[in-house]
Amino acid sequence: MADRISADELWQFSLALYPKVKSACLSLQDEHGANVNLLLLLCLLEQRQLSLTRDQLCQLSTTLQRFSVQFTQPLRALRKQSCTAMLTTAQQHQLKQSLLQTELQLEKLEQQLLFQHCPPLTDSAAPLLELYLAQLTNDITAYQQQIFDLRQAFVSLS
1332 MADRISADEL
1342 WQFSLALYPK
1352 VKSACLSLQD
1362 EHGANVNLLL
1372 LLCLLEQRQL
1382 SLTRDQLCQL
1392 STTLQRFSVQ
1402 FTQPLRALRK
1412 QSCTAMLTTA
1422 QQHQLKQSLL
1432 QTELQLEKLE
1442 QQLLFQHCPP
1452 LTDSAAPLLE
1462 LYLAQLTNDI
1472 TAYQQQIFDL
1482 RQAFVSLS
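Residues 1332 to 1489 in the numbering used here are what the sequence shown spells out, letter by letter.
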């Protein structure tokens, strides 16, 4: 992938796209365990008309899931629970912000892992978002609106 997209390009694309698709991404994450960084990568690949096979996507997803389960998800859960800590409001806010910054660093590491483990890309348009969601749920038709929202947002960045 390094010959077509750099890790920094993916990060910058994600920073520009995420505010526009936050709701759709978090919905897919919370309801089906979708990885937001993988969704963002797939958006970038679709925008550039680059593709992966179903098997390559599955392998990439599995690799990322291992890291996420071990590091990102536990930290995210801890951050979400920080408001229940027996701390003052100011201390809770400080703790939450510190955890959020660390979580952001883990998100960036996830993107670097995606970049490192991504197999060679092919020059073709493919419905990568549908391929990925089909790995997570039997009924992707219920998520056509989120897919549409993701595509509209990355098209607007072009």
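Glycine included, C-beta positions come from ideal geometry on N, C-alpha and C.
| Where residue 1453 falls: helix, strand or coil (DSSP) | Residue 1453: strand per DSSP, three-state reduction.
| request: Pick out whichever of 1425, 1352 and 1335 has its Cα sitting closest to the Cα of residue 1488. | output: Closest by C-alpha distance to residue 1488, out of 1425, 1352 and 1335, is 1352.
| Closest to residue 1401 by CA distance: which of 1413, 1425 and 1438 is it? | The shortest Cα separation from residue 1401 among 1413, 1425 and 1438 belongs to 1438.
| query | Nearest CA to the CA of residue 1483: which residue from 1432, 1378, 1341 and 1394? | reply | Checked all of 1432, 1378, 1341 and 1394; the closest Cα to residue 1483 is 1378.
| field | Residue of 1459, 1403, 1360 and 1354 minimising C-alpha distance to residue 1436 | value | Looking at the Cα atoms, 1403 is the closest of the given residues.
| task | Take residue 1392 as the anchor and find which of 1467, 1344 and 1380 has the nearest alpha-carbon. | result | If we check each option's Cα against that of residue 1392, 1467 comes out closest.
| query | Going along the chain, which unbroken runs of the alpha helix (DSSP H) with 4 or more residues stay wholly within the segment 1370 to 1443? | reply | Counting only runs of 4+ residues, the alpha helix (DSSP H) found wholly inside the segment 1370 to 1443 occupies 1385 to 1398 and 1404 to 1412, in chain order.
| query | Buried or exposed: where does residue 1337 fall if 16 or more other Cβ atoms within 10 Å of its Cβ makes it buried? | reply | With fewer than 16 neighbouring CB atoms inside 10 Å of its own CB, residue 1337 falls in the exposed class.
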